[in-house]
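K.L.:
Pasting a structure below so you can have a look.
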Amino acid sequence: MNQAIDTQSISGSTPARGSNLSDKEPWPGLASYTEEDRNYFAAREIERDELLERVLQHRLTVLYGLSGLGKSSLLQAGLFPALRERHNLPVYVRLNFATEAAGLVDQVFAAIEAAAQAVQAKMPARQDDETLWEYFQRQGNAFWSQRNRLLTPVLVFDQFEEIFTLGAFRRADEAKAFLEAIADVAEGRAPDAVKARLDSLPAEAARRFDFNRQACHVLLSLREDYLAYLEDMRPRMPSMTNRMRLRPLNGIQALTVVCKPGGDLVTAVVAGQIVTAVVGARQRQRPAEDQEVDPALLSLLCRELNKRRIKDATAQINAEMLTDQVRADILRDFYDRAVGSVSAAVRNFVEDKLLLTSGQRDSVALEVAREAGIGDEQIDTLVDERLLRREERGGVVRLELTHDVLTEVVRASRDQRREREAREQAQQAAQEAEKRLRKSRRFVVFMVVLVLVTVGTLAVIVEGLYWANKHHYPLQALMLRWTYKLGIGETLPRPKLVEIPVGSVERGDDGAAELVTTITIKQPFYLASTETTFAQYDIFQQATGRDIPDDRDWGRGNQPVINVSWYDARAYAKWLSAMTGKACRLPSEVEWEYAARAGSHTAYHWGDDVQPIIDGKPTAMANCRGCGSEWDGKQTAPVRSFASNGFGLYDMSGNVWEWTCSTWQDRLDGSEQPCSDEATDTQARVVRGGSWFSLPDYARSAARLDLHPDGRVIDFGFRVLCESPIE
4 MNQAIDTQSI SGSTPARGSN LSDKEPWPGL ASYTEEDRNY FAAREIERDE
54 LLERVLQHRL TVLYGLSGLG KSSLLQAGLF PALRERHNLP VYVRLNFATE
104 AAGLVDQVFA AIEAAAQAVQ AKMPARQDDE TLWEYFQRQG NAFWSQRNRL
154 LTPVLVFDQF EEIFTLGAFR RADEAKAFLE AIADVAEGRA PDAVKARLDS
204 LPAEAARRFD FNRQACHVLL SLREDYLAYL EDMRPRMPSM TNRMRLRPLN
254 GIQALTVVCK PGGDLVTAVV AGQIVTAVVG ARQRQRPAED QEVDPALLSL
304 LCRELNKRRI KDATAQINAE MLTDQVRADI LRDFYDRAVG SVSAAVRNFV
354 EDKLLLTSGQ RDSVALEVAR EAGIGDEQID TLVDERLLRR EERGGVVRLE
404 LTHDVLTEVV RASRDQRRER EAREQAQQAA QEAEKRLRKS RRFVVFMVVL
454 VLVTVGTLAV IVEGLYWANK HHYPLQALML RWTYKLGIGE TLPRPKLVEI
504 PVGSVERGDD GAAELVTTIT IKQPFYLAST ETTFAQYDIF QQATGRDIPD
554 DRDWGRGNQP VINVSWYDAR AYAKWLSAMT GKACRLPSEV EWEYAARAGS
604 HTAYHWGDDV QPIIDGKPTA MANCRGCGSE WDGKQTAPVR SFASNGFGLY
654 DMSGNVWEWT CSTWQDRLDG SEQPCSDEAT DTQARVVRGG SWFSLPDYAR
704 SAARLDLHPD GRVIDFGFRV LCESPIE
């Protein structure tokens, strides 16, 4: 039965929600196609027709396949319209195993009622607590369409593998009983308890139930790797032998997925290049009909390329939008961009709450997110980005990742973050231990220095060599330190200041924590052209006796200083003020972003792409994890390693996070308070600019983070602002 099906003409009416897709945006990315998206669902006609035939000819059908192959899309956008055309009532069921959710059987009855109401069909009412089998086999029970046509219900259980995972974990006894109930319906067999009751009353049994009528069909859709769990039910559910395996798209089908809904948005040549990018190198030599293409990745790539087309205001997707790394990077880039539009707290919530320790997807109630301080606006952002799905199950709105294909990239991000947090905690603990040890030795060191000072110049040299040997201090920096202590030549490594003119620019981004507002600078100021270097900071350290920041063996001198707290940075600015007679301080985050943008309105001061194409190849413009430089994810780069922005400032994106004087607030809406300069103030401070360890989204001009002011981290530094130039 491979006849063509006209999905445009569906008997009865369908839910009038309208499709989320359009002729200009015809690919859903990682989201499933819905029934309303059927006009854009392509290349699965053969699979749809086979599945339809199996469903109509059997009580029970099992659809299985690997995760991400489009089972949900085939059901909703392919099978459901075809079933309606043949006077069936598809009932979509996704069971909710949360402890607070309704009973599993009650959820099925609620889904039946919702499906009937959606097409204004008449349905029989459930009597008392009757079982599913009793409901469907009761004499006279029937479903009627608006046109008085008899409708046959088809119970479609999507992602049925969850009964073996979430169900077994959270509601084990109920899940086991529910499997028996489904087996009874699928096999047309009265439940044991009902059968025992009816055996004693055969006349009543014949009067109440029609044992021969096939009152409904059942379809179970599940991941292939959970098929063995279902096999355990074979003695009670022998009809499960009617099963269909959904395979990946082949190359020809994949080309149809790109070209048919894409229309004039993509040429056949570029469509072929898109399919090739998803297929991967190992399959490219195979004939197209033998290639295996992941439909989720293909749809995501098409959607992302189309978003770039819209952004660039071009009529078609072109070959220049594809890169050699696109297949490897697409999920990571998609995830990083999605979570980069919300706060770090939301990202942590996604990684910690929507993913089990094993790496499987989980769902949580929306209320749980709200109680954790996650606002609806940020959730809306991630839903719009297709990273999260929000749906109501049993009267409870729940959140989950849109697709299993995302679990690996989310898990990798979570593991990297946790590793970093553990490393920072260990580093902080080590610093505290060293501080306590240093304090116990302070009196002895003081007595030694007191004796050496009486020797004059020789003492400076001896003490300097001792200190340099202990701390692996470069000889060039040591010579600079000697000239400072002896008052010879240049006595202070002064930061080069750049004048920042008055003006206005839009700041922020679309995220809730980065609300777009306008910055207006009414008085010019002077900002250090680079992040404060070790060469500059070490002189201050020796002059004041503050803790020596560890350089991680990356070098000192022209490297940006790291492992400094907000209090350290503030003290340096005050010391510089005293040494130069100028009023110096840390910039506010508004001043910082104004200077970083240098009049730009793009994600980075050079544009929206982290690696712009220059002379035909991607070019590194900053040091961050994914920026393309030799230092990415490894260590800091020497200051001035990349081109400056329009104001002549270096490293405003990446290298090290930069302390500002601003206290943290979740939203920036123009009501920011003046910077607090109290040494005893313990409010979290804003850091800006991203670092060598950060993802590209954190290097955006609008990106912001918060940290306790006493935090000393291996990718945190600062630069100073002065109200007038240092001569």
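Under our numbering, the final residue of the sequence shown carries the number 730; numbering is consecutive throughout.
Cβ coordinates follow ideal geometry from the N, Cα and C atoms, glycine included.
Between Ala623, Pro590 and Glu165, which lies nearest to Thr663 when the distance is taken from Cα to Cα?
P.N.:
On the sequence shown, residue 663 is found 660 positions in, with the first residue counted as 1. Ranking the options by Cα distance to Thr663, first place goes to Pro590.
K.L.:
I'd like to confirm the pairing. Which residues does DSSP put opposite Asp709 in its beta bridges?
P.N.:
Translated into positions along the sequence shown, residue 709 becomes position 706. Partner(s): Val689.
K.L.:
In angstroms with no decimal places, state the Cα-to-Cα distance between Leu402 and Ala299.
P.N.:
Sequence index remark: in the sequence shown, residue 402 carries index 399 (1-based). Sequence index remark: in the sequence shown, residue 299 carries index 296 (1-based). Computed Cα separation, rounded: 20 Å.
K.L.:
Consult DSSP for Phe721 and reduce its assignment to one of helix, strand or coil.
P.N.:
As a first step, residue 721 is located in the sequence shown; it is residue number 718 there, counting from the start. Note: Phe721 maps to coil in three-state DSSP.
K.L.:
Note the first and the last residue of the continuous alpha helix (DSSP H) segment covering Pro84.
P.N.:
If you number the sequence shown from 1, residue 84 lands on position 81. First-last of the alpha helix (DSSP H) with Pro84: Phe83 to Glu88.
K.L.:
Any contact between the region 593-613 and the region 691-699? By contact I mean 3 or more CB pairs, one from each, below 8 Å.
P.N.:
Short answer: they touch.
K.L.:
Looking only at its chain, what residues have a beta carbon closer than 7 Å to the beta carbon of Asp700, apart from the 5 residues adjacent to it on each side?
P.N.:
Residue numbering aside, residue 700 sits at position 697 when the sequence shown is read from its first letter. Same-chain partners within the cutoff: Asp339, Arg340, Gly343 and Ala706.
K.L.:
Measure the CB-CB distance between Ala118 and Val94 and report whether it falls below 8 Å.
P.N.:
Within the sequence shown, numbered from 1, the residue matching residue 118 stands at position 115. Within the sequence shown, numbered from 1, the residue matching residue 94 stands at position 91. Their beta carbons are under 8 Å apart, which means Ala118 touches Val94 by this criterion.
K.L.:
For Gly714, which residues of its own chain have a beta-carbon under 7 Å away from its beta-carbon, when the five flanking residues on both sides are left out?
P.N.:
Within the sequence shown, the letter at position 711 stands for residue 714. Within the same chain, Gly714 has close Cβ partners Ser568.
K.L.:
What alpha helix (DSSP H) runs, 4 residues minimum, are completely inside the region 362-402?
P.N.:
Qualifying alpha helix (DSSP H) stretches, in chain order: 369-374 and 379-387.
K.L.:
What residues in its chain sit with their C-beta under 6 Å from that of Leu710, if we drop five residues either side in the sequence?
P.N.:
The residue given as residue 710 occupies position 707 in the sequence shown. These residues qualify, in order along the chain: Val690.
K.L.:
Here's a check: name, in chain order, each residue in its chain whose Cβ is nearer than 7 Å to the Cβ of Pro264, leaving out the five neighbours to either side.
P.N.:
Against the sequence shown, residue 264 aligns to sequence position 261. Within the same chain, Pro264 has close Cβ partners Pro29, Trp30, Tyr43 and Ala45.
K.L.:
So, for Gln288: in the same chain, excluding its five sequence neighbours on each side, which residues have a beta-carbon less than 7 Å away from its beta-carbon?
P.N.:
The residue labelled residue 288 in the question sits at position 285 within the sequence shown. Contacts found: none.
K.L.:
By Cβ distance below 7 Å, which residues in the same chain neighbour Gln539 in space, the five residues on each side in sequence not counted?
P.N.:
Taking the first residue of the sequence shown as position 1, residue 539 is located at position 536. The residues are Pro496 and Pro498.
K.L.:
Going by DSSP, what residue range makes up the alpha helix (DSSP H) through Cys262?
P.N.:
As a first step, residue 262 is located in the sequence shown; it is residue number 259 there, counting from the start. Segment Gly254 to Gly265, the alpha helix (DSSP H) holding Cys262.
K.L.:
Under the assumption that Asp297 contacts Pro251 (Cβ atoms under 8 Å), give the Cβ distance between them as a whole number of angstroms.
P.N.:
By 1-based counting over the sequence shown, the position of residue 297 is 294. By 1-based counting over the sequence shown, the position of residue 251 is 248. That belief holds up - the Cβ atoms of Asp297 and Pro251 are roughly 6 Å apart, short of 8 Å.
K.L.:
Scan the region 216-250 and note each continuous alpha helix (DSSP H) run of 4 residues or more that stays entirely inside, going in chain order.
P.N.:
Listed in chain order, the complete alpha helix (DSSP H) runs (minimum 4 residues) inside the region 216-250 are 230-234.
K.L.:
Provide the residue span of the alpha helix (DSSP H) that contains Gly506, from first to last.
P.N.:
In the sequence shown, the residue the question calls residue 506 occupies position 503. No alpha helix (DSSP H) holds Gly506; the beta strand (DSSP E) holding it covers Gly506 to Arg510.
K.L.:
On the three-state DSSP scale, how would you describe Trp595?
P.N.:
The residue given as residue 595 occupies position 592 in the sequence shown. Helix.
K.L.:
Using a threshold of 8 Å, state whether the C-beta atoms of Leu54 and Met324 are closer than that.
P.N.:
Here residue 54 refers to the residue found at position 51 when the sequence shown is read from its first residue. Here residue 324 refers to the residue found at position 321 when the sequence shown is read from its first residue. Cβ distance not < 8 Å, so Leu54 and Met324 don't count as in contact.
K.L.:
According to DSSP, is Glu165 part of a helix, a strand, or is it coil?
P.N.:
The residue you call residue 165 lines up with position 162 of the sequence shown. Of the three classes helix, strand and coil, the one that applies to Glu165 here is helix, per DSSP.
K.L.:
Taking its Cβ as the centre, do 16 or more other Cβ atoms sit within 10 Å of Phe100, making it buried, or is it exposed?
P.N.:
Residue 100 sits at position 97 when you count from the first residue of the sequence shown. So Phe100 counts as buried.
K.L.:
To which residues does DSSP link Gly657 through a beta bridge?
P.N.:
Locating residue 657 in the sequence shown gives position 654, counting from the first residue. DSSP lists Asn626 as partners of Gly657.
K.L.:
Give me the Cα-Cα distance between Phe719 and Val367, rounded to the nearest whole angstrom.
P.N.:
Position 716 of the sequence shown holds residue 719. Position 364 of the sequence shown holds residue 367. When rounded, the distance between both Cα atoms is 34 Å.
K.L.:
Do you know whose CA, among Thr533, Met582 and Pro563, lies nearest Thr547's CA?
P.N.:
If you number the sequence shown from 1, residue 547 lands on position 544. Of the candidates Thr533, Met582 and Pro563, the one whose C-alpha sits nearest the C-alpha of Thr547 is Met582.
K.L.:
Indicate whether the contact test is met: 3 or more Cβ pairs, each with one atom in the region 639-653 and one in the region 524-537, closer than 8 Å.
P.N.:
The region 639-653, when compared against the region 524-537, does touch it at the 8 Å Cβ threshold.
K.L.:
Can you list, in chain order, the residues of its chain whose CB lies under 6 Å from that of Phe160, leaving out five sequence neighbours each side?
P.N.:
To locate residue 160, count along the sequence shown from 1; it is residue 157. Excluding positions up to five away in sequence, the list reads Val96 and Leu223.
K.L.:
Just checking, does the region 407-419 make contact with the region 366-384 on the three C-beta pairs under 8 Å criterion?
P.N.:
Touching, no.
K.L.:
Could you give the first and the last residue of the continuous beta strand (DSSP E) run that contains Gly68?
P.N.:
For the purposes of this step, residue 68 is identified with residue 65 of the sequence shown, where counting begins at 1. Per DSSP, Gly68 belongs to the beta strand (DSSP E) from Leu63 to Gly68.
K.L.:
With burial defined as no fewer than 16 other Cβ atoms inside 10 Å of the residue's Cβ, what is the status of Glu661: buried or exposed?
P.N.:
Indexing the sequence shown from 1 puts residue 661 at position 658. That one is buried.
K.L.:
With DSSP as the reference, label Pro298 as helix, strand or coil.
P.N.:
Here the question's residue 298 lines up with position 295 in the sequence shown. Here Pro298 sits in helix by DSSP.
K.L.:
Under the rule that 16 or more other beta-carbon atoms within 10 Å means buried, what is Thr259, buried or exposed?
P.N.:
Within the sequence shown, residue 259 is the residue found at index 256, counting from 1. It is buried - the Cβ of Thr259 has at least 16 other Cβ atoms within 10 Å.
K.L.:
Should Thr523 go down as buried or exposed, given a rule of 16 or more other Cβ atoms within 10 Å for buried?
P.N.:
Reading the sequence shown from its first residue, position 520 is the one you call residue 523. Looking at its Cβ environment, which holds fewer than 16 other Cβ atoms inside 10 Å, Thr523 is exposed.
K.L.:
Output the distance between the C-alpha atoms of Glu736 and Leu66, rounded to the nearest integer angstrom.
P.N.:
Only positions 4 to 730 of the chain appear in this structure, which leaves residue 736 out of reach.
K.L.:
Which stretch, first to last residue, makes up the alpha helix (DSSP H) that contains Glu53?
P.N.:
Taking the sequence shown and counting its residues from 1, the one referred to as residue 53 is at position 50. From DSSP, the alpha helix (DSSP H) with Glu53 extends over Glu48 to Gln60.
K.L.:
Round the Cβ separation of His220 and Thr155 to the nearest angstrom and send it over; I've been treating them as touching at under 8 Å.
P.N.:
The residue you call residue 220 lines up with position 217 of the sequence shown. The residue you call residue 155 lines up with position 152 of the sequence shown. With a Cβ gap of about 7 Å, His220 and Thr155 count as contacting.
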